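Engineer: Protein chains in written order, with the working numbering: chain A, 10 to 121; chain B, 107 to 217.
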Amino acid sequence: DTAVSQTPKYLVTQMGNDKSIKCEQNLGHDTMYWYKQDSKKFLKIMFSYNNKELIINETVPNRFSPKSPDKAHLNLHINSLELGDSAVYFCASSQDLNQPQHFGDGTRLSIL
Amino acid sequence: QQQVKQSPQSLIVQKGGISIINCAYENTAFDYFPWYQQFPGKGPALLIAIRPDVSEKKEGRFTISFNKSAKQFSLHIMDSQPGDSATYFCAARATGNQFYFGTGTSLTVIP
């Protein structure tokens with residue numbers, strides 16, 4: 010009965026590869042997000058989707074692209090992975106943009 | 107530019123003591139201030155939140171104190187327990203806009 014689930018939990022890959030992280034929420038929320046948490050635990054929002062429309066994009070490189078097949082899913086695609094992309098990526102959802110988020114348990118991405 | 111400034115970066119407290127984490131902001135449009143708790147290997151989880159029309163909110167051992175004029179708010183954990191050891195994030199939001207998170211405080215409660 011996990012509210013926000015993301016897969017995989019760990020992702021180890023080579024520089025230059027393309028990878029995807031999946032996220033699903035079963036809370037019936039209208040808004041979903043992707044956050045990046047660096048090694049210093051700083052949380053930075055990358056994207057948010059409200060009713061399948063991108064509403065925030067915080068100067069993230071265009072190698073990162075969110076894709077939402079439906080309201081319950083927001084996947085993150087990353088092309089041409091770089092060493093600096095190593096981080097923990099969190100998916101989150103909220104009832105709307107004004108409500109606090111519920112976070113998944115994160116995907117730890119390590120670039121070799 | 108860091109919208110929400112959080113201190114200290116790390117905190118060590120004896121069991122039974124009071125843990126205090128402080129946050130400050132500049133944007134007077136912020137109207138909602140949540141605190142999140144994050145355990146290792148887990149995502150942040152909402153702990154307690156406050157709106158600027160009240161000066162204090164208490165839930166169990168956790169209390170938020172809010173000073174609107176100083177644009178500061180703080181989290182107090184009374185009777186701190188080893189199970190409270192985690193990273194705590196403050197955040198702030200203006201209606202219709204994104205949440206801004208503080209830089210986090212790593213709390214260790216020593217038995």
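For every residue, glycine included, the Cβ atom is placed at its ideal position computed from N, Cα and C.
Fair warning: this is a prediction, and the values are worked out from it, not measured in the lab.
(1) Which same chain residues end up closer than 7 Å to B:P158 when comparing Cβ atoms and leaving out the 5 residues on each side of it in sequence?
(2) Ignoring anything shorter than 4 residues, give me the alpha helix (DSSP H) runs that lie fully in the segment 14-91 of chain A, in order along the chain.
(3) Near B:Q144, which residues of its chain fall below 8 Å by C-beta distance, leaving aside the five closest residues on each side in sequence?
(4) Under the criterion of a Cβ to heavy atom distance below 7 Å, does A:D94 qualify as lining the ligand ZN?
(5) Alpha carbons only, please: which of A:A101, A:Q108, A:V97 and A:V13 is nearest the one belonging to A:K49?
(6) Could you check how far apart the C-beta atoms of B:E165 and B:I154 are, in whole angstroms? I think they sit under 8 Å.
(7) My assumption, with CB atoms under 8 Å, is that A:S57 sits in contact with A:T40. Please give the rounded CB distance.
(8) At which residues does the beta strand (DSSP E) containing B:T134 begin and terminate?
(9) Residues in the same chain with beta-carbon distance under 8 Å from B:A197, minus the five sequence neighbours each way, listed in chain order, please.
(10) With DSSP as the reference, please indicate the residues paired to B:I170 in a beta bridge.
(11) Residues of chain A with CB closer than 7 Å to the CB of B:L152, please, in chain order.
(12) Check this for me: beta carbons of A:K28 and A:I87, under 8 Å apart or not?
(13) Compare the beta carbon distance of A:R117 and A:S89 with 8 Å and say whether it is the shorter of the two.
(14) Of all Cβ atoms in chain B, is any one closer than 8 Å to the Cβ of A:K50?
(15) Between the Cα of B:I183 and the Cα atoms of B:T214, B:A176, B:K148 and B:A130, which residue gives the shortest distance?
(16) For B:D190, which of B:G202, B:A176, B:N203 and B:I118 has the nearest alpha-carbon?
(17) Taking A:N5 as the reference, which of A:D47, A:P70 and A:K80 has the closest Cα?
(18) B:A130 CB to nearest chain A CB: under 8 Å?
(19) Are A:V13 and A:C100 closer than 8 Å when you measure CB to CB?
(20) Any beta carbon from chain A within less than 8 Å of B:P140's own beta carbon?
(21) Note down, in chain order, all residues in the segment 168-180 of chain B with a beta-carbon under 7 Å from any beta-carbon belonging to chain A.
Structural biologist: Concretely, from the data shown:
(1) D137, F172 and K174
(2) none
(3) P150, A151, A192, T193, Y194, F195 and G210
(4) With respect to small molecules bound, the structure shown includes none, and the ligand ZN cannot be examined in it.
(5) A:V97
(6) 5 Å
(7) 6 Å
(8) Unbroken run through B:T134: none, as it is neither H nor E.
(9) V110, F139, P140, W141, Y142, F205, Y206, F207 and G208
(10) B:K163 and B:L181
(11) P109
(12) yes
(13) no
(14) yes
(15) B:T214
(16) B:I118
(17) The requested residue 5 of chain A is not part of the displayed model; chain A covers only 10 to 121.
(18) no
(19) yes
(20) yes
(21) none
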